[in-house]
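Participant:
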Amino acid sequence: MKSVYLIADISQNPDHLQESLNSVLPYSEIFAVQLWGNQFDKKFIEEICDLCRHHKVPVLINQNWQLAEELNLSGVHFDEVPADFGEFRSVNSQMMLGFTTGNDLEKIRQAEELGADYISFCSLFPSVTANSCEFVNFETITESRQMYSGQIFLAGGISPENISKLKEVPYDGIAVASGILGAQHPEEALKQYLTLLNS
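Numbering (the working numbering), first residue to last: 10 to 208.
1) Quick one: residues in its chain with C-beta nearer than 6 Å to the C-beta of residue 29, no 5 flanking neighbours on either side, listed in chain order?
2) List the whole-angstrom C-beta distance separating residue 54 from residue 80, where the pair is believed to meet the contact cut-off of C-beta under 8 Å.
3) First and last residue of the beta strand (DSSP E) that includes residue 18?
4) On the three-state DSSP scale, how would you describe residue 129?
5) For residue 112, which residues in the same chain have their Cβ closer than 8 Å to its Cβ, ignoring the five residues on either side in sequence?
6) Compare the Cα-Cα distances from residue 75 to each of 158, 101, 157 and 60 and report the closest residue.
7) Whose C-alpha, out of 45, 129 and 37, is nearest the C-alpha of residue 114?
8) Within this structure, are the beta carbons of residue 202 and residue 159 separated by less than 8 Å?
9) Within 10 angstroms of the Cβ of residue 104, are there 16 or more other Cβ atoms? Answer buried if so, exposed if not.
10) What are the start and end residues of each continuous beta strand (DSSP E) run of 3 or more residues lying completely inside the segment 56-126, in chain order?
11) Using alpha carbons as the reference points, say which of 32, 39 and 22 lies closest to residue 10.
12) Three-state secondary structure (DSSP) at residue 192?
13) Using three-state DSSP, classify residue 34 as helix, strand or coil.
14) Run the CB neighbour count on residue 92, radius 10 Å, all protein chains shown included, and call it buried at 16 or more, exposed below.
15) Can you tell me whether residue 39 is helix, strand or coil according to DSSP?
Have a look at this one:
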């Protein structure tokens with residue numbers, strides 16, 4: 010069963026984001042929620058965490074491992090391995106760990122060596138929210154299965170219209186931002202994605 014990894018832009022309207030999460034978190038196919046953005050309101054993050062914990066969904070934050078430690082989050086997602094990664098791991102050896110990867114096979118090998126729970130390939134298709142990622146070659150995703158033992162997620166511009174193009178590559182789920190949490194009816198959007206993912 011393929012799952013969905015939600016990317017929550019915490020700079021968007023707090024009420025809308027909480028309402029959207031409320032409608033989709035009860036689904037067991039939600040792998041995790043990653044908090045993404047440049048402005049971190051600790052009180053708001055704690056509210057999101059309480060909501061996610063109620064549904065036993067892990068909450069990760071992008072890059073900021075010190076804040077993850079301070080707020081007792083489930084883990085951290087790194088776009089790049091930070092210079093103080095050794096300190097992070099010595100302090101937070103049990104935290105869930107994910108990496109953004111692209112076409113560089115060395116980064117995939119590194120994710121395996123560093124014990125990443127998952128990797129997220131970005132970007133599969135043109136995307137407003139994943140506009141800093143290179144486009145991933147499908148061959149790289151297939152090769153990654155030979156060198157990486159964790160879960161593989163695909164991200165960037167994945168929509169109900171193009172999801173069928175992913176059938177030729179091995180993966181465990183997709184990462185979605187605005188396509189679900191920014192949708193007018195998030196629960197219906199999630200159900201559509203899940204149906205297409207698992208058909």
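Don't be surprised by glycine CBs; every beta carbon is placed ideally from N, CA and C.
Facilitator: The answer reads as follows:
1) The count along the sequence shown starts at 1 and reaches residue 29 at position 20. The answer, listed in chain order, is 190 and 195.
2) Mapped onto the sequence shown, residue 54 falls at position 45. Mapped onto the sequence shown, residue 80 falls at position 71. About 6 Å separates the two Cβ atoms, so the contact holds.
3) Counted from its first residue, the sequence shown places residue 18 at position 9. Segment 12-18, the beta strand (DSSP E) holding residue 18.
4) Position 120 of the sequence shown, counting from 1, holds the residue named residue 129. Of the three classes helix, strand and coil, the one that applies to residue 129 here is strand, per DSSP.
5) As a position in the sequence shown, residue 112 is number 103, starting the count at 1. So the list reads 143, 145, 146 and 149, once near-sequence residues are dropped.
6) Here residue 75 corresponds to residue number 66 of the sequence shown, with the count starting at 1. For the residues 158, 101, 157 and 60, the minimum Cα distance to residue 75 belongs to 101.
7) Translated into positions along the sequence shown, residue 114 becomes position 105. With distances taken between Cα atoms, residue 114 lies closest to 129.
8) For the purposes of this step, residue 202 is taken as the residue at position 193 of the sequence shown. For the purposes of this step, residue 159 is taken as the residue at position 150 of the sequence shown. No; because the gap between Cβ atoms is not below 8 Å, this pair is not in contact.
9) Taking the first residue of the sequence shown as position 1, residue 104 is located at position 95. Buried is the call here.
10) 68-71, 84-87 and 105-110
11) Here the question's residue 10 lines up with position 1 in the sequence shown. Of 32, 39 and 22, the residue nearest in Cα terms is 39.
12) Taking the first residue of the sequence shown as 1, we reach residue 192 at position 183. Looking at residue 192 - three-state DSSP - the assignment turns out to be coil, as it is neither helix nor strand.
13) Stepping through the sequence shown from its first residue, residue 34 is reached at position 25. Coil, per DSSP.
14) Locating residue 92 in the sequence shown gives position 83, where the first residue counts as 1. So residue 92 ends up on the exposed side.
15) Numbered from 1 along the sequence shown, position 30 holds the residue referred to as residue 39. Three-state result, residue 39: strand.
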